[in-house]
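Novice: To start, I am sharing the structure in question, which I have written as structure tokens.
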Amino acid sequence: MKTISEKILSKRSGVDAASGDIVTVPVDLVFAHDGTLPLAIQELGGHSVKFPESVVAFCDHASPSPSEKVSNVQTLMRQFAHAYGLDFYENGDGICHQIVLERYASPYKIIVGGDSHTCTHGALGAFATGMGSTDVASIMAYGKTWLKVPETVHVEVSGKLPKNVHSKDVFLELLSQITADGATYKALEFYGDTVDAMSVESRATLSNMAIEAGAKVGMCAADKKVEAYLAHYGRSNEFTPLYADKDAIYIQKVRIRAETIVPMIAKPHKVDNVVPVTELEGQEVDQVCIGSCTNGRIEDLRAAARILDGHRSKARLVIYPASRDVLLKALKEGILETLLKAGASIGPPGCGFCIGRTVALGDGEIALSTQNRNFKGRMGNDTSFIYLSSPSTAAASAIGGKITDPRGLER
Amino acid sequence: MRIEGKVVRVFPSDTNTDEIIAGKYKYDELDLHKLARHTFESLDTHFYDDCKRLKDPILVAGANFGCGSSREQAPQVLKACGVSCVIADSFARIFYRNGFNIGLPLVECESISNNVTQDEMLNVDFDRGVIRSENRNAEYRFKPIPQFMQELLERGGLMQYLDARGGFTD
Chain A
0 MKTISEKILS KRSGVDAASG DIVTVPVDLV FAHDGTLPLA IQELGGHSVK
50 FPESVVAFCD HASPSPSEKV SNVQTLMRQF AHAYGLDFYE NGDGICHQIV
100 LERYASPYKI IVGGDSHTCT HGALGAFATG MGSTDVASIM AYGKTWLKVP
150 ETVHVEVSGK LPKNVHSKDV FLELLSQITA DGATYKALEF YGDTVDAMSV
200 ESRATLSNMA IEAGAKVGMC AADKKVEAYL AHYGRSNEFT PLYADKDAIY
250 IQKVRIRAET IVPMIAKPHK VDNVVPVTEL EGQEVDQVCI GSCTNGRIED
300 LRAAARILDG HRSKARLVIY PASRDVLLKA LKEGILETLL KAGASIGPPG
350 CGFCIGRTVA LGDGEIALST QNRNFKGRMG NDTSFIYLSS PSTAAASAIG
400 GKITDPRGLE R
Chain B
0 MRIEGKVVRV FPSDTNTDEI IAGKYKYDEL DLHKLARHTF ESLDTHFYDD
50 CKRLKDPILV AGANFGCGSS REQAPQVLKA CGVSCVIADS FARIFYRNGF
100 NIGLPLVECE SISNNVTQDE MLNVDFDRGV IRSENRNAEY RFKPIPQFMQ
150 ELLERGGLMQ YLDARGGFTD
């Protein structure tokens with residue numbers, strides 16, 4: 000009678016684990032990026048990396064490097080990776096979480112990332128959680144970590160989502176119900192025929208946002224869609240089905256009817272400050288940003304392109320594909336042409352606008368972004384305002400330069 | 000273990016890691032003491048100086064303190080400011096783990112942010128799980144921290160703890 004988390008942690012710790020137990024597990028993948036690896040290297044000190052094949056480094060947050068200081072920090076990372084023969088992803092390869100989805104994550108893996116959105120990989124049935132640089136260093140040195148087996152919140156979404164309403168809106172609706180610390184120390188598990196009908200890319204948005212409710216992990220079942228996703232990336236041999244037991248015990252159950260979900264917006268400066276788009280229609284925006292580990296996948300760019308096709312964006316429009324693979328697909332499908340003709344500024348795969356280091360807002364400016372967080376100052380300016388939405392809402396809003404309900408569009 | 004100090008600030012619920020230390024700095028500056036000057040910059044430009052004026056300043060906060068990013072620079076800059084411990088109604092998970100990993104004492108005490116004010120002198124007894132206000136002769140209880148987590152603090156952090164034990168003994 001195990002939840003997905005209990006199953007994974009029991010199997011990997013070799014102990015019959017239940018919620019509340021503390022277990023020690025080997026870590027299959029530990030990764031960090033230009034914001035967190037340098038500090039981890041410092042913390043590692045004189046220790047060696049025990050299992051170099053399990054450690055991966057990414058230049059994605061301040062990428063390409065905008066300054067000498069950042070370049071020097073990235074040099075440090077490059078030298079470290081070279082010394083140990085680690086997989087190293089350069090500026091322009093993409094966001095760590097997108098690359099991990101494409102190339103590394105799979106069911107039953109234990110993944111620790113030096114980044115809070117590591118929970119993304121729960122969409123492929125991995126127990127994936129974010130930790131700080133010292134934890135990353137200790138895993139590099141010892142190959143293991145300790146974890147408290149979380150209680151799980153069962154989230155069931157059933158029915159059919161309305162046109163131009165997406166998994167991002169589903170999560171924002173959930174967040175409005177359970178709030179920013181509603182799942183602290185807990186796992187989220189996503190179920191229901193709506194989730195079954197979602198692509199892995201859509202589910203990844205749900206898993207990615209789990210941390211915004213304070214959750215440790217955001218798990219989805221590893222079903223046929225996960226199998227197909229892994230096959231697409233040449234990793235069929237990594238698939239194993241993974242479902243919770245029917246009689247698993249959950250600490251809380253949340254039920255959402257898909258038909259009732261509307262496009263949602265998270266208002267400044269908190270992610271759970273959520274309202275339906277209808278309450279904000281007409282709010283002017285200076286810059287629309289489409290991308291990030293939350294909504295920078297090919298499916299998101301397709302949705303944006305479908306809406307923007309034939310239009311010219313009134314707002315400044317900045318689009319950052321989440322990985323080289325996404326960018327190549329966008330190129331092949333003619334999406335880049337559509338976005339460029341709509342006035343988009345297309346960035347190199349990476350975090351870009353989300354973290355405010357290579358892209359920043361002006362004083363008092365208003366951004367609408369498909370990212371995961373809208374804390375004060377996040378996009379590089381303490382006096383700016385950040386609204387969060389789905390890619391469809393963002394694209395629709397770019398056209399008129401003001402927040403727009405995407406359900407009202409022809410497409 | 001005991002800590003005694005003045006409350007340097009009481010922050011509201013959901014004070015996040017972007018507020019503690021803006022993301023834009025973490026790619027530039029590995030020197031945590033230099034970085035510390037930017038602690039809480041977007042909310043409170045006097046924070047660093049006020050901490051440095053006190054011996055063992057204590058930071059108090061509402062619920063979900065440290066929510067947001069996993070950046071370890073958040074508890075690190077607080078420690079570099081000289082904060083002796085953080086007492087909050089509750090903590091966000093990653094921040095809580097990071098605090099202990101770097102040897103910054105964190106105490107979870109329900110409703111503490113409603114009960115104490117800035118400049119109050121507090122005495123925190125980790126073994127008994129009691130916070131005492133010297134000004135008002137009032138006491139607040141908290142669940143004592145598990146033994147191995149106290150050991151993390153005593154050793155100065157996770158790496159020191161693991162090195163002393165030769166790794167994860169399970």
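In the order they appear, the protein sequences are chains A and B. The opening position of the first sequence corresponds to residue 0 in numbering that gives the first Met the number 0, with each subsequent residue numbered one higher. The opening position of the second sequence corresponds to residue 0 in numbering that gives the first Met the number 0, with each subsequent residue numbered one higher. For each residue, glycine too, the CB sits at the ideal point set by N, CA and C.
1. Name the DSSP bridge partner or partners of B/Q15?
2. Using DSSP with H/G/I as helix, E/B as strand and the rest coil, what is A/H165?
3. If we require 4 or more residues per run, which alpha helix (DSSP H) segments fall completely within the stretch 110 to 170 of chain A?
4. Output yes if chain A places a C-beta closer than 8 Å to the C-beta of B/F10; else output no.
5. In terms of residues, what are the limits of the alpha helix (DSSP H) holding A/E200?
6. I want to verify the contact list: residues of chain A whose CB lies under 8 Å from the CB of B/C66, in sequence order.
7. Excluding five sequence neighbours on each side, which residues of the same chain lie with their C-beta closer than 8 Å to the C-beta of A/L279?
8. Output, in chain order, the set of chain B residues within a Cβ distance shorter than 7 Å of A/Q41.
9. Just to make sure I have the definition right: I need the residues of chain A whose C-beta is within less than 8 Å of the C-beta of B/S89. Which are they?
10. Opposite A/V274 in the DSSP bridges: which residues?
11. In whole angstroms, give me the CA-to-CA distance for A/E332 and A/A122.
12. For A/M139, which residues in chain B fall below 7 Å Cβ to Cβ?
13. Which chain B residues are close to A/R377, counting only those with a beta carbon under 7 Å from its beta carbon?
14. Can you tell me the Cα-Cα spacing of A/T239 and A/V26, whole angstroms?
15. Assuming A/G217 is part of the beta strand (DSSP E), what are its boundary residues?
16. Nearest-angstrom Cα distance between B/D162 and B/E153?
17. Could you tell me whether the Cβ atoms of B/A60 and B/V85 are closer together than 8 Å?
18. Starting from the beta carbon of B/A137, find every residue of chain A whose beta carbon is closer than 8 Å, and list them in chain order.
19. Starting from A/R234, trace the alpha helix (DSSP H) in both directions and tell me its first and last residue.
20. If A/T35 sits next to A/V135, beta carbons under 8 Å apart, how far is it from one beta carbon to the other, in whole angstroms?
21. Out of A/A56, A/K252, A/V48, point me to the one whose CA is closest to A/R77's CA.
22. What whole-angstrom Cβ distance do A/G181 and A/G213 have, given they're in contact under 8 Å?
23. Looking at the structure shown, is A/V225 part of a helix, part of a strand, or coil, going by DSSP?
24. Any C-beta of chain B sitting closer than 8 Å to the C-beta of A/D92?
25. Taking only beta-carbon positions, decide if B/F141 is within less than 8 Å of chain A.
26. What number of angstroms, rounded off, separates the C-alpha of A/Q282 from the C-alpha of A/L367?
27. For A/A80 and A/L43, I'd like the C-alpha separation in whole angstroms.
28. Rounded to the nearest angstrom, what separates B/D124 and B/R140 at their Cα positions?
Specialist: According to the data block:
1. Rather than Gln, the amino acid found at residue 15 of chain B in this sequence is Asn. According to DSSP, B/N15 bridges with B/C66.
2. coil
3. 132 to 141
4. no
5. 199 to 208
6. A179, D180, G213
7. I264, K266, Y386, I402
8. L29
9. D180, T183
10. A/I264
11. 25 Å
12. Near A/M139 there are no residues of chain B at all, since even the closest Cβ is about 11 Å away, more than 7 Å.
13. D17, G22
14. 18 Å
15. 216 to 219
16. 13 Å
17. yes
18. Correct list: empty, because the minimum Cβ distance to chain A is about 26 Å.
19. Careful: A/R234 lies outside any alpha helix (DSSP H) and carries neither H nor E.
20. 7 Å
21. A/A56
22. 7 Å
23. helix
24. no
25. no
26. 10 Å
27. 13 Å
28. 10 Å
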